[in-house]
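**Student:** Numbering (the numbering used here), first residue to last: 488 to 887.
Beta carbons: idealized from backbone N, C-alpha and C, even for Gly.
Small disclaimer: the values here were computed from a predicted structure and weren't measured.
Handing you a structure now.
Spelled out as structure tokens, the structure:
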């Protein structure tokens, strides 16, 4: 009887990761929140970190919260949850999935009031008008939502005198620059509430930092997270890993940082903290081989790092210059040497490099992908991922 009574209680906030389009696998967390679409044959992506981080901050403000990931769950449960929404239903949207996200928002209009539908996610900044039309003029939250969504819900519930920065109402347009709506202090965020989406998670994503100073001209990460690297205190990152490993049985963590190791001192301290706390889990990260100091790899391996995802992209010197990977062609051989040293050192230490190569780059010559893949194999790399270049309008919109 207690369970039935709880199932009928109102929920202040319902957070929703919408379903994918037909025949696809979607990752709205991918590309730092601008979204990625995969064919269905690919395995499911990691669960959405943003959803559970927002959920934790909403709960810290005294609001009740539930969440549903419709990329993993049946929509049957959604109807029961919508009937209990007291304040707002937050819809996690991304640029690449915008078409299906808009369709989903339209379907929600038939169940709840437009003012109760609140799209959020870093991509909302670029699509205010489309989202507002589909929400019949309802509110939209722009900027990084983790520290703002809860305050937006309080305002919409009539429990706060003024809306937080980033909550757009009544046809308002974004003001200032996107980076002004980033979370300035990541250490103020609570540990993500993964229990909202499940009981056991053997693999989970997390951040040690956000932002990428490298600003490659085709890369979405510096657009979505900024060119200033915002790092968390290493002790807090290690404590999160320790807590999640104990609470959910997590045995592997995937760092989502676009520039892991950009601050060598902070990375070294993180490795010390992980070892000091005896975190019983392995982890992986992503970096460019020319950006992560090779002498850190040994400490990373000792702390449980087992894989580094390397965005090699191409070895064409003209493309490397054009897209900002190297300053001029004279640096090409030095770039290749650094990649070789990095990969061979990682393999010797038991860290498996996973190399990503891009196909379909603007101006890419025939044979470049094969040549880049042969180079990677010659170094002993076994995990080579060839993906088609994806254009993000947001990258062009901000002139990167």
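1. Taking DSSP as the reference, what is the three-state secondary structure of residue 797?
2. Can you tell me whether residue 514 is helix, strand or coil according to DSSP?
3. Along the chain, where does the alpha helix (DSSP H) containing residue 786 start, and where does it finish?
4. In chain order, what residues of the same chain lie with their CB nearer than 7 Å to the CB of residue 621, ignoring the 5 residues before and after it?
5. Is the beta carbon of residue 870 sitting closer than 8 Å to the one on residue 851?
6. Using the C-alpha atoms, what's the distance from residue 496 back to residue 490?
7. Quick check on residue 700: buried or exposed, where buried means 16 or more other Cβ atoms within 10 Å of its Cβ?
8. Would you call the CB atoms of residue 518 and residue 711 closer than 8 Å?
9. Note the first and the last residue of the continuous beta strand (DSSP E) segment covering residue 604.
10. Could you tell me the boundaries of the beta strand (DSSP E) in which residue 841 lies?
11. Who are the near neighbours of residue 572 in its chain, counting only those whose CB is closer than 7 Å to its CB and skipping five residues on each side?
12. With burial defined as no fewer than 16 other Cβ atoms inside 10 Å of the residue's Cβ, what is the status of residue 614: buried or exposed?
13. Around the Cβ of residue 751, are there at least 16 other Cβ atoms within 10 angstroms (buried) or fewer (exposed)?
14. Rank 778, 874, 683, 809 by C-alpha distance to the C-alpha of residue 504 and give the top, closest one.
15. Go to residue 640, then tell me how far its alpha helix (DSSP H) extends in each direction, as first and last residue.
16. May I ask you to verify whether the stretch 538-558 touches the stretch 676-692, counting CB pairs closer than 8 Å and requiring at least 3?
**Tutor:** According to the data block:
1. Strand, per DSSP.
2. strand
3. 784-789
4. Answer for residue 621: 589, 592, 593, listed in chain order.
5. With a cutoff of 8 Å on beta-carbon distance, residue 870 and residue 851 are scored as not near each other.
6. With a pLDDT of 48 at residue 490, under the threshold of 50, the predicted position of this residue should be treated as unreliable, though the coordinate-derived value follows. The straight-line gap from Cα to Cα measures roughly 10 Å.
7. exposed
8. yes
9. 604-607
10. 839-846
11. 498, 501, 599, 603
12. It counts as buried.
13. exposed
14. Nearest option by C-alpha distance: 683.
15. 636-643
16. yes
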